[in-house]
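Just remember that the numbering used here sits 22 ahead of the position in the sequence shown, which is counted from 1.
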Amino acid sequence: MTAVRAQNAATTTVSATTGASSTTSTSATETSFAEALIASLSLGATTAAGSTTAGSTTAAAGTGSASGQGLVDAAMAYVGVPYVWGGENPATGLDCSGLVQRAMADLGVDVPRVARDQATLGTAVASLDAAKPGDLLIFDGGSHIGIYLGDGRMIDAPKPGKSVAVRDVFETPTAIRRVLPEASAASAVSATAAVTDAGTSSLTTDAGTSSLTSAVDLQRYALTMMSEGVAA
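Written out as structure tokens, the structure reads:
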């Protein structure tokens, strides 16, 4: 940006010897640059707001507000969907890992398709006593998976002939994985993304509120440049 200003200044000096028409050209160039700067910042902000953030090493979250309780709420929408082995479409049926994948997808989170791979996501939880709503409950080393609701309850797609349902945790899980944070923690998570073009700034999202600090300063600077160009 400094280089551009220096270049425009040099052009203005030349215009002093060539006439007012050259000065007008310089002002137009400066104004065009300012308009382009504002446009690029606006585009960068939009792109950054829609970028994804890793929920774990292999689960990519589309929003920093995805939470364990959000996963519970998403899964509850499929209560009554029949169990179908290999099913991943609620219109025709879901299996246990299909339910997890679908509920995660509703939150903008991409996870593997099968239970054994889903069982590697996130971080380990020591016991059912330490589990939180939205934690994944893995049974028989990954042959079955469900979503913990709290108070010893879970939601899963159990087996052929059954439907997605809420029930008691029927046995001690072989593993418990936390992929998404609690709702309170998720609301405090800040998602940052690079905004590039006329310099680099950061987009910070906190509890759904965006703050584009340095980019706003750049936009104000660009508006000042435009007003100077018009005045010239």
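Cβ atoms here follow ideal geometry from the backbone N, Cα and C, with glycine treated the same way. Given the structure is predicted, the values throughout are model-derived calculations rather than measurements.
What's the call for residue i, buried or exposed, on a 16-neighbour Cβ count within 10 Å?
i, result
"glycine 102", "exposed"
"threonine 46", "In this prediction, threonine 46 has a pLDDT of 41, which is less than 50 and means its spatial position is unreliable; what the coordinates show is noted afterwards. Threonine 46 comes out exposed."
"aspartate 117", "buried"
In chain order, what residues of the same chain have a beta carbon less than 6 Å from the beta carbon of residue i, not counting five sequence neighbours either side?
i, result
"glycine 144", "Ser78, Arg199, Arg200 and Val201"
"glycine 164", "Ala137, Arg138 and Ala141"
"glycine 172", "Pro155"
"glycine 115", "Pro104, Val106 and Gly109"
I'd like the list of long-range same chain contacts for residue i, defined as Cβ closer than 8 Å, with 5 residues on each side in sequence excluded.
i, result
"isoleucine 169", "Leu93, Val94, Ala97, Leu121, Val122, Ala125, Gly156, Asp157, Leu158, Leu159, Met176, Ile177 and Asp178"
"arginine 135", "Glu110, Ser119, Gly120 and Gln123"
Identify every residue that forms a DSSP beta bridge with residue i.
i, result
"serine 257", "Since the first residue shown for the chain is 23 and the last is 254, residue 257 is missing from the structure and cannot be characterised."
"glycine 115", "Asn111"
"glycine 172", "Arg175"
"leucine 143", "In DSSP, leucine 143 forms no bridge with anything."
"aspartate 190", "Arg175"
"leucine 159", "Gly168 and Ile198"
"tyrosine 105", "Leu116"
"serine 185", "Pro104"
Give me the residue from the options with the minimum Cα distance to residue i.
i, options, result
"threonine 196", "Thr114, Ile167 and Phe161", "Phe161"
"alanine 148", "Glu204, Tyr105, Thr194 and Ser185", "Thr194"
"glycine 174", "His166, Val188 and Trp107", "Val188"
"lysine 181", "His166, Gly130 and Asp190", "His166"
Can you list, in chain order, the residues of its chain whose CB lies under 7 Å from that of residue i, leaving out five sequence neighbours each side?
i, result
"alanine 153", "Val147, Tyr170 and Ile198"
"proline 112", "Tyr100, Val103 and Arg124"
"aspartate 128", "Ala96"
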